[in-house]
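Engineer: Attaching a single structure in structure tokens format; questions to follow.
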Amino acid sequence: MKLLYFAWLRQKIGIAEETLDLPPGVETVAALIDWLKTRGPNYAAALDNTKLVRVAVNREYVTYDHRLNAGDEVGLFPPVTGG
Amino acid sequence: MKLLYFAWLRQKIGIAEETLDLPPGVETVAALIDWLKTRGPNYAAALDNTKLVRVAVNREYVTYDHRLNAGDEVGLFPPVTGG
Amino acid sequence: MIRVQREDFDPGVELEAMTRGKTHIGGVTSFTGLVRDMAGGTAITAMTLEHYPGMTEKQLAEIEAEAHRRWPLDAVLIIHRYGELKPGDRIVLVATASSHRDAAFDSCRFMIDWLKTKAPFWKLEATDAGSHWVEAKESDDAAADRWRQS
Amino acid sequence: MIRVQREDFDPGVELEAMTRGKTHIGGVTSFTGLVRDMAGGTAITAMTLEHYPGMTEKQLAEIEAEAHRRWPLDAVLIIHRYGELKPGDRIVLVATASSHRDAAFDSCRFMIDWLKTKAPFWKLEATDAGSHWVEAKESDDAAADRWRQS
Chain A
578 MKLLYFAWLR QKIGIAEETL DLPPGVETVA ALIDWLKTRG PNYAAALDNT
628 KLVRVAVNRE YVTYDHRLNA GDEVGLFPPV TGG
Chain B
578 MKLLYFAWLR QKIGIAEETL DLPPGVETVA ALIDWLKTRG PNYAAALDNT
628 KLVRVAVNRE YVTYDHRLNA GDEVGLFPPV TGG
Chain C
9 MIRVQREDFD PGVELEAMTR GKTHIGGVTS FTGLVRDMAG GTAITAMTLE
59 HYPGMTEKQL AEIEAEAHRR WPLDAVLIIH RYGELKPGDR IVLVATASSH
109 RDAAFDSCRF MIDWLKTKAP FWKLEATDAG SHWVEAKESD DAAADRWRQS
Chain D
9 MIRVQREDFD PGVELEAMTR GKTHIGGVTS FTGLVRDMAG GTAITAMTLE
59 HYPGMTEKQL AEIEAEAHRR WPLDAVLIIH RYGELKPGDR IVLVATASSH
109 RDAAFDSCRF MIDWLKTKAP FWKLEATDAG SHWVEAKESD DAAADRWRQS
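Chains as they are written, first to last, in our numbering: chain A, 578 to 660; chain B, 578 to 660; chain C, 9 to 158; chain D, 9 to 158.
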């Protein structure tokens, strides 16, 4: 699974992307975020307020109950501010 | 008084503009149009359907009850179709 | 700014000039009207725009002033051509600049809607079967009525 | 047509290319977004736009497709820049062409409203006191909600 982080979420975590295996027992976006928060204070700080965390799987917006697959590209980012 | 005609109103009357003295007894736009219609079949044809005759006095739109003055510039034309 | 002219114009140059140096502007909305090649199923070969010199400029200036009264605008532009045009030619450009997107959109639409019912221009369409004056559309009156204030 | 690019663009050239040869088009509505020099009373010295390569293009293409589904459009254009910009610089151009004026206006506004809430771009504003990420505005969500279909 490929994870991509953007904007202040990327800055707080400290990396722009990483590749990892879907952890055992993590089947949904919500579970992935909970698991990521256990990986360190940088992750916890970035993902603390999930109201401000948007998720895309394979470049489409998904809700937190979306089920993940091994080869997914998962993007995590704040609400967008383009235009 | 200067009279200006535009678009098909100009074509039907046959002239683009003319200068004349405000005729005795003609005090309003409505009276002017009635008087013009007596000046020949070309005027009558152009001014027959007053639903299609817009009037400007001194380059501002006016209603048919607008009172005329000797030095006015009066424009008569169909509904506009620009843009 | 108001211009009534025979010559063509370059929307890019005009929009650039409108905002140059005004870095508080957040957005510019523009509408460009073009000569269509068909009208009611008939091919148009040319279109001649007649206007009322003096009154046309006065009416456009009033529309510009009304837009400034209603919205917080940093710049307003109306350019309208007259004379003989061909299908695909530009007829009109209206544009408004504001720090607020909604103001830019609303005011631009207001200006073209009002222009279509108030600015003294008349279109003569030429077809292979002869030429005819374009009739005013009720839909244009309805569009203008949207902006009437009680 | 969709483009996501670092380079500036010329709205005149883009709008011309969009309509060239399509003489059935009656009108083109465009919105150009510019970098403002102030935000909440603070002077902006630069703005950096980050995006999500691949997803950004995909989301813009979906907005383009949705505009075509909802309105009778002859051409659609979205150009959005990324990278470091200065006050007054162009950020985005959205434009729609139609034979119908209302369709051109509505669809153009729809596209910028949806783009602002769906296209993955993020603005980092630099000021003399440091830099900060722009927060999403509730008014943008409200603007996008106008276009939700039940």
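Ideal placement from N, C-alpha and C gives every residue a C-beta, glycine not left out. Since the structure is predicted, the reported quantities are computational estimates derived from the model, not experimental observations.
Output the distance between the C-alpha atoms of C:GLY49 and D:ILE52, rounded to the nearest integer angstrom.
Structural biologist: If you take the alpha carbons of C:GLY49 and D:ILE52, they lie about 53 Å apart.
Engineer: For C:MET26 versus C:ALA111, is the C-beta spacing smaller than 8 Å?
Structural biologist: Cβ atoms of C:MET26 and C:ALA111: not closer than 8 Å.
Engineer: Excluding the 5 residues flanking B:TYR620 on each side, which residues of the same chain have their C-beta closer than 7 Å to its C-beta?
Structural biologist: These residues qualify, in order along the chain: ILE590, LEU613 and LYS614.
Engineer: On a Cα-Cα basis, can you pick out the residue from C:ALA150, C:PHE118 and C:PRO128 that is closest to C:GLU74?
Structural biologist: Of the candidates C:ALA150, C:PHE118 and C:PRO128, the one whose C-alpha sits nearest the C-alpha of C:GLU74 is C:PHE118.
Engineer: What does the alpha-carbon distance come out to for the pair D:MET46 and C:ARG77?
Structural biologist: So the two alpha carbons sit approximately 24 Å from each other.
Engineer: With 8 Å as the threshold, decide whether the Cβ of C:LEU123 is near any Cβ in chain D.
Structural biologist: By this cut-off, C:LEU123 is not an interface position.
Engineer: Tell me which residues of the stretch 626-659 of chain A have at least one Cβ-Cβ distance to chain D shorter than 7 Å, keeping chain order.
Structural biologist: Hits within the stretch, in order: ALA633, ARG636, GLY652, PHE654, PRO655, PRO656, VAL657, THR658 and GLY659.
Engineer: What are the residues of the stretch 83-105 of chain C that lie near chain B, defined by any Cβ-Cβ distance shorter than 8 Å?
Structural biologist: Flagged, chain order: HIS88, ILE99 and VAL100.
Engineer: Residues in the same chain with beta-carbon distance under 6 Å from D:ARG11, minus the five sequence neighbours each way, listed in chain order, please.
Structural biologist: Excluding sequence neighbours, D:ARG11 sits near ILE87.
Engineer: Which bits of chain D does A:LEU581 rub up against, with CB to CB less than 9 Å?
Structural biologist: Near A:LEU581 (Cβ distances below 9 Å), the residues of chain D are TYR60 and MET63.
Engineer: My parser needs the beta strand (DSSP E) runs of 3 or more residues fully inside the stretch 54-127 of chain C; what are they?
Structural biologist: Complete beta strand (DSSP E) runs here, min 3: 54-59, 83-89, 91-93 and 98-106.
Engineer: What does a CB cutoff of less than 7 Å around A:TRP585 pick up in its chain, not counting 5 residues either side in sequence?
Structural biologist: Contacts found: PRO655.
Engineer: What three-state label does DSSP hand B:LYS579 in the structure shown?
Structural biologist: Strand.
Engineer: Kindly list, in the order they appear in chain D, the residues whose Cβ is closer than 9 Å to that of C:GLY49.
Structural biologist: Chain D residues near C:GLY49: none, gap ~12 Å exceeds 9 Å.
Engineer: Between C:LEU81 and chain D, is there a C-beta pair that is closer than 8 Å?
Structural biologist: So no, C:LEU81 is outside the interface.
Engineer: Determine the chain A residues that contact D:TRP155 at a beta-carbon separation under 9 Å, and present them in chain order.
Structural biologist: Ordered by position in chain A, no residue passes the 9 Å Cβ test against D:TRP155, which lies about 14 Å from the chain.
Engineer: Taking Cβ to Cβ, would you say B:GLY617 is nearer than 8 Å to C:ILE120?
Structural biologist: Taking 8 Å as the Cβ cut-off, B:GLY617 and C:ILE120 do not qualify as a contacting pair.
Engineer: What does D:ALA127 reach in chain A if we use C-beta pairs closer than 9 Å?
Structural biologist: Per Cβ cutoff of 9 Å: VAL657, GLY659 and GLY660.
Engineer: Have a look at C:GLY91 and C:ARG109 and give me their C-alpha separation to the nearest angstrom.
Structural biologist: Each residue's alpha carbon lies about 34 Å from the other.
Engineer: Once DSSP output is grouped into helix, strand and coil, what is the label at C:ILE10?
Structural biologist: Three-state result, C:ILE10: strand.
Engineer: Using a C-beta to C-beta distance shorter than 7 Å, which residues of chain D count as neighbours of A:ALA584?
Structural biologist: GLU58, TRP130 and TRP141, listed in chain order.
Engineer: Using 8 Å for Cβ pairs, my map puts C:GLY96 next to D:THR31. What's the rounded Cβ distance?
Structural biologist: The Cβ separation is near 4 Å, so the contact holds.
Engineer: Is A:TRP585 helix, strand or coil when you go by DSSP?
Structural biologist: Correct three-state label for A:TRP585: helix.
Engineer: One question on the structure: do D:ALA105 and D:ALA69 come within less than 8 Å of each other, judged by their Cβ atoms?
Structural biologist: No; because the gap between Cβ atoms is not below 8 Å, this pair is not in contact.
Engineer: Using the C-alpha atoms, what's the distance from D:HIS140 back to C:GLY29?
Structural biologist: The alpha-carbon atoms of C:GLY29 and D:HIS140 are separated by roughly 25 Å.
Engineer: So who's on the other strand from A:ALA608, going by DSSP bridges?
Structural biologist: Partner(s): none; A:ALA608 has no beta bridge.
Engineer: Let me check one thing: in DSSP terms, what residues is B:GLU595 bridge-paired to?
Structural biologist: Its beta-bridge partners are B:LEU580.
Engineer: Is there a Cβ of chain B sitting closer than 8 Å to that of C:LYS66, yes or no?
Structural biologist: With 8 Å as the cut-off, C:LYS66 counts as an interface residue toward chain B.
Engineer: According to DSSP, is D:THR37 part of a helix, a strand, or is it coil?
Structural biologist: Residue state, collapsed to three classes: strand.
Engineer: Does C:ASP45 come within less than 8 Å of chain D when only Cβ atoms are used?
Structural biologist: Yes, contact with chain D.
Engineer: Does DSSP put B:GLY652 in a helix, in a strand, or in coil?
Structural biologist: Here B:GLY652 sits in strand by DSSP.
Engineer: Let's see if you can read the secondary structure: which residues bound the beta strand (DSSP E) around A:THR640?
Structural biologist: Looking at the DSSP string, A:THR640 is not in any beta strand (DSSP E), and its letter there is neither H nor E.
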